[in-house]
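Report on the structure given below.
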Amino acid sequence: MKTFFKKIGSLIVTKEIFEDKKSLRTLYKYFLIGLLVRFTFLPFFFQRDLLSTYQRAAETISTGDFGYDNQQMLTNVIHSIYLFIIKSIFPAINQLFSVLLEKDTWISWISFNSSYNVFTVLTLFKIPYLIFDIACMFLILRLSFDGEPENKLRVFKYWIFNPIVIFVLYIFARHDIIGVLAILVALLLAKKDRKYWAIIVLAFGIALRFFPILILPILVFYLVRTKKDYIILSLVGVSGLVAVEFFSYFYFGKSVIFPLLNTQHFDYLLSPKLELVIGSHSSIFIFVAVYIVIILSFLHIKKKNFDILLNYGAIIYLAYVGICYFHPQYMIWVVPFLIIIFVRRKSLLYYHWIQFALLMVILIYWGDLVTKFVFAPMDHKYFVYMTGIIPIIERFYDSAEFVNIFRSIFTGVSLWMIYLIYKDNKKILSDELKKGKIKEV
127 MKTFFKKIGS LIVTKEIFED KKSLRTLYKY FLIGLLVRFT FLPFFFQRDL LSTYQRAAET
187 ISTGDFGYDN QQMLTNVIHS IYLFIIKSIF PAINQLFSVL LEKDTWISWI SFNSSYNVFT
247 VLTLFKIPYL IFDIACMFLI LRLSFDGEPE NKLRVFKYWI FNPIVIFVLY IFARHDIIGV
307 LAILVALLLA KKDRKYWAII VLAFGIALRF FPILILPILV FYLVRTKKDY IILSLVGVSG
367 LVAVEFFSYF YFGKSVIFPL LNTQHFDYLL SPKLELVIGS HSSIFIFVAV YIVIILSFLH
427 IKKKNFDILL NYGAIIYLAY VGICYFHPQY MIWVVPFLII IFVRRKSLLY YHWIQFALLM
487 VILIYWGDLV TKFVFAPMDH KYFVYMTGII PIIERFYDSA EFVNIFRSIF TGVSLWMIYL
547 IYKDNKKILS DELKKGKIKE V
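Going by the numbering used here, 511 is the number at position 385 of the sequence shown; the sequence numbering is gapless.
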């Protein structure tokens, strides 16, 4: 029995940490403090999208229509199953179910926040994100620094106390962590050279959320061993999205891909553009051009290792948030890649905190919905009627220009971080070539 529990412990926290008592105690300390921080925020804050997510799930339960939110079908299925389970167990959910079915967004929001058991329900709504978060924090231990328990602990610390993770999951309350977990599993499989399983899991992540598709090309280029792998792995990579498209079209009579291409979220990729002739139809989409340069840069590295792959993942997502219009929760996609780099280049950690501070100002873009209304569960009347941030700024300066100044600084910081990561790439390649550890692809 003792041997069994040792194996379980090694499986969860890695063998290096489990066999080092000092490291294990430190990990317990980080974990418990991190949980305390999470439980502090869990019941009190949320952004309106959390309620919308569970309203779609409630509608699915009520009507039996799993295609109700066909653009995020798998995410809706996960939330619908979870809501059905907790509805059967906790009376608080039953008492608020009519609120979840309310069509008027303002009435449902007010009714939800004014409910006497709003804190209980918010906690239950966020529990899945906590579970996925815990899974991520232990998975990420295995991505790098094998045989280096101290560095693995640093990775764990940088995740569990990461301000973006805490903000997105427990204050903003968004579900992107589900897709992030899929990326981490895919990366771990890629590290173990399980190329088909790695791409299959990433394909599932793409079906959950579109953003993992941004790293599909570099993952394919990292995993290919033969020429036909380029075709096979690429096709498998988009198979999840294609499967959801076929299922949605034939079962519900709705397309997933074409409405997705016409949403504002996809437009964010194309909005930054450079007109070749003012007033003409000729433009260069800036992010697309930069993305191609990044992909070609990775492709032409003749000798690759796993840390280079992780660095390029960070570069891609930093380029996205640095160049494109984005929603605050999108920042979480870059975190798994960055925190491993923090161990090698601590200066990036400080820039990441600067990014977070700037993000708190950029939130003003979306007005009351993502600023004062986030605190509404504590006293909805007070936060509804209190003066918002935008009117205060407008007394002294144009609010849009004010935010855009900080957005520009954010872009500058993000691009500088990309430059530092490129320097880290050179160091990794130089060090590994000296050791003769990199296999030529």
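Beta carbons are placed, not taken as given, at the ideal position from N, Cα and C, and that holds for glycine.
Determine the DSSP secondary structure at residue i, reduced to helix, strand or coil.
i, result
"Phe411", "strand"
"Leu168", "coil"
"Lys565", "Any reading at Lys565 needs caution, since the residue's pLDDT is 47, under 50, leaving its predicted position unreliable; the model's value is listed next. Three-state DSSP puts Lys565 in coil, outside helix and strand."
"Leu402", "coil"
"Lys278", "helix"
"Lys229", "coil"
"Lys148", "helix"
"Lys560", "helix"
"Lys429", "strand"
"Val350", "coil"
"Leu555", "helix"
"Gln221", "helix"
"Ile138", "helix"
"Tyr394", "helix"
"Gln198", "helix"
"His205", "helix"
"Val510", "helix"
"Asp302", "coil"
Going straight from the alpha carbon of residue i to that of residue j, what length do you get?
i, j, result
"Ile442", "Ile404", "29 angstroms"
"Tyr476", "Phe528", "23 angstroms"
"Ser525", "Trp459", "28 angstroms"
"Asp126", "Leu315", "The structure shown does not extend to residue 126, since the chain is modelled only from 127 to 567, so the question has no answer here."
"Phe271", "Tyr154", "19 angstroms"
"Asp191", "Gln198", "13 angstroms"
"Asn277", "Asn431", "18 angstroms"
"Ile564", "Asn551", "A caution first: Ile564 carries a pLDDT of 48, below 50, which makes its placement in the model unreliable, though a value can still be read off. One C-alpha to the other measures close to 13 angstroms."
"Gly273", "Ile410", "46 angstroms"
"Lys318", "Leu177", "39 angstroms"
"Lys581", "Ile412", "Residue 581 is absent from the structure shown; the chain starts at 127 and stops at 567."
"Tyr242", "Leu222", "10 angstroms"
"Leu579", "Leu279", "The structure shown does not extend to residue 579, since the chain is modelled only from 127 through 567, so no value can be given for it."
"Lys428", "Ser360", "20 angstroms"
"Val244", "Arg351", "53 angstroms"
"Phe287", "Lys354", "43 angstroms"
"Ile445", "Trp542", "The amino acid occupying residue 445 in the given sequence is Ala; Ile does not appear at that position. Roughly 10 angstroms separates the two Cα atoms."
"Ile187", "Ser206", "6 angstroms"
"Pro454", "Ser556", "36 angstroms"
"Lys560", "Lys549", "17 angstroms"
"Phe372", "Ile332", "15 angstroms"
"Leu495", "Val346", "39 angstroms"
"Val291", "Gln173", "15 angstroms"
"Asp433", "Thr537", "24 angstroms"
"Leu226", "Ile253", "18 angstroms"
Using 8 angstroms for Cβ pairs, my map puts residue i next to residue j. What's the rounded Cβ distance?
i, j, result
"Gly305", "Arg268", "So it is not a contact: roughly 19 angstroms between Cβ atoms."
"Phe282", "Tyr156", "6 angstroms"
"Leu209", "Ala184", "6 angstroms"
"Leu484", "Thr497", "No, Leu484 and Thr497 are not in contact; Cβ-Cβ is about 15 angstroms, not under 8 angstroms."
"Leu250", "Phe298", "17 angstroms between Cβ atoms; not a contact."
"Asn220", "Lys213", "6 angstroms"
"Cys450", "Ser534", "Going by Cβ atoms, the distance from Cys450 to Ser534 rounds to 14 angstroms, so no, they are not a contact pair."
"Tyr296", "Arg164", "6 angstroms"
"Ala440", "Asn239", "Contact flag wrong, Cβ pair sits at about 37 angstroms."
"Phe568", "Ala308", "Since the first residue of the chain shown is 127 and the last is 567, residue 568 is not available in this structure."
"Ile344", "Leu435", "6 angstroms"
Following a CB-centred definition, is residue i positioned closer than 7 angstroms to any heavy atom of the ligand NAD?
i, result
"Tyr451", "The ligand NAD is not part of this structure, which contains no ligands at all."
My parser needs the alpha helix (DSSP H) runs of 4 or more residues fully inside the segment 310–345; what are they?
Fully enclosed alpha helix (DSSP H) runs of 4 or longer: 321–334.
Would the segment 414–434 and the segment 362–369 be scored as touching if the rule is three or more Cβ pairs under 8 angstroms?
Segment contact: the segment 414–434 against the segment 362–369, fewer than three CB-CB distances shorter than 8 angstroms; contact not assigned.
So, does the segment 464–475 touch the segment 139–150, judging by three or more C-beta pairs under 8 angstroms?
No: fewer than three Cβ pairs fall under 8 angstroms.
Where in the segment 438–485 do unbroken runs of the alpha helix (DSSP H), each at least 4 residues long, occur, reported from the N-terminal end onward?
Listed in chain order, the complete alpha helix (DSSP H) runs (minimum 4 residues) inside the segment 438–485 are 461–470.
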